[in-house]
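K.L.:
My structure is below; once you've seen it, I'll send some questions.
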């Protein structure tokens with residue numbers, strides 16, 4: 121009961137905080153699903169990854185799923201991958217690695233494994249990776265332990281967040297499925313876990329609470345998905361990072377290439 125009263129008191133306190141601009145630097149762009157290629161988003165393809173690097177992205181987000189024989193590959197989900205590769209009839213069926221390597225996305229683009237993404241990163245020491253779909257510390261350590269200082273993990277549980285943070289990864293707590301960000305922050309402070317200080321959120325979430333939290337304590341925010349100048353202008357003072365399909369860091373403009 122005391123914890124609940126403390127959380128409610130903190131909510132009231134933050135709701136009365138005078139809001140002001142944060143005066144921060146221009147937010148850093150993250151290539152969503154390895155970026156776009158020829159107007160296509162969500163491909164997680166080799167060509168999209170190379171295109172994003174050539175555009176000047178320093179952060180590449182990759183979706184991670186496993187094949188039926190436990191090879192980690194880049195795809196948002198199996199239903200979408202099967203549709204993109206001309207096998208809609210398979211729905212969300214998980215395929216083998218051998219079958220995966222035979223596929224072409226939209227008959228043109230090359231699917232990649234997570235190891236291939238890592239190999240690319242090794243040749244580009246100025247680029248970091250942002251993960252999605254998986255935050256299991258055992259899997260993350262197996263994949264990324266040699267370059268953890270360049271790995272940002274979107275975490276879907278508090279245990280994963282604090283475990284990976286202790287291991288030296290950059291961690292971001294996903295708030296998309298939570299009722300209130302503040303409750304998670306305060307609760308973990310009270311039980312001694314530490315403070316959640318980096319979150320991911322989306323453009324369709326309510327930012328009244330977020331603005332209050334940022335006025336009261338340091339908090340980094342990464343937002344998805346911003347694909348227009350208007351959206352970026354609206355949220356620029358609220359975020360440190362943003363995911364985008366069509367932003368070009370070299371020009372500062374949005375296009376569908």
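In our numbering, the protein residues as written are 121 to 377. C-beta atoms are modelled at their ideal positions from N, C-alpha and C, and glycine is treated no differently. In this text, all values refer to a predicted model and were calculated from it rather than measured experimentally.
Is the region 147-158 close to the region 203-223, with three or more CB pairs under 8 angstroms?
P.N.:
no
K.L.:
Under 8 angstroms: do the region 202-219 and the region 241-248 share three or more Cβ pairs, one atom per stretch?
P.N.:
no
K.L.:
Rounded to a whole number of angstroms, what is the C-alpha to C-alpha distance between residue 362 and residue 345?
P.N.:
One-based indexing of the chain shown puts residue 362 at position 242. One-based indexing of the chain shown puts residue 345 at position 225. Cα-Cα distance, rounded: 7 angstroms.
K.L.:
Give me the DSSP bridge partner(s) of residue 291.
P.N.:
On the chain shown, position 171 is the one that residue 291 refers to. Residue 291 pairs with 273.
K.L.:
Run the CB neighbour count on residue 169, radius 10 Å, all protein chains shown included, and call it buried at 16 or more, exposed below.
P.N.:
On the chain shown, position 49 is the one that residue 169 refers to. Result: buried.
K.L.:
How many Å lie between residue 143 and residue 360 at the Cα?
P.N.:
Position 23 of the chain shown, counting from 1, holds the residue named residue 143. Position 240 of the chain shown, counting from 1, holds the residue named residue 360. With a pLDDT of only 46 at residue 143, under the threshold of 50, the placement of this residue in the model should not be trusted; the figure read from the coordinates follows. Roughly 11 angstroms between the two C-alpha positions.
K.L.:
By DSSP, does residue 317 sit in helix, in strand, or in coil?
P.N.:
The residue you call residue 317 lines up with position 197 of the chain shown. Of the three classes helix, strand and coil, the one that applies to residue 317 here is coil, per DSSP.
K.L.:
From what residue to what residue does the alpha helix (DSSP H) around residue 340 run?
P.N.:
Within the chain shown, residue 340 is the residue found at index 220, counting from 1. Counted as a single uninterrupted DSSP element, the stretch harbouring residue 340 is not any alpha helix (DSSP H) but the beta strand (DSSP E) occupying residues 340-344.
K.L.:
Using DSSP bridges, identify the partner residues of residue 233.
P.N.:
Reading the chain shown from its first residue, position 113 is the one you call residue 233. Answer by DSSP bridge pairing, in chain order: 193.
K.L.:
Does the Cβ-Cβ distance between residue 293 and residue 259 come in under 7 angstroms?
P.N.:
In the chain shown, the residue the question calls residue 293 occupies position 173. In the chain shown, the residue the question calls residue 259 occupies position 139. Judged by beta-carbon spacing, residue 259 lies beyond the 7 angstroms limit of residue 293, meaning their Cβ atoms are not closer than that value.
K.L.:
Report yes or no: do three or more beta-carbon pairs, one from the region 268-277 and one from the region 198-206, lie closer than 8 angstroms?
P.N.:
no
K.L.:
Measuring alpha carbon to alpha carbon, tell me which of 343, 291, 336 and 228 ends up nearest residue 321.
P.N.:
By 1-based counting over the chain shown, the position of residue 321 is 201. Residue 343 is the option with its Cα nearest to residue 321.
K.L.:
Please return the same chain residues whose Cβ sits closer than 7 angstroms to the Cβ of residue 201, not counting the five positions on each side in sequence.
P.N.:
Taking the first residue of the chain shown as 1, we reach residue 201 at position 81. So the qualifying residues of the chain are 195.
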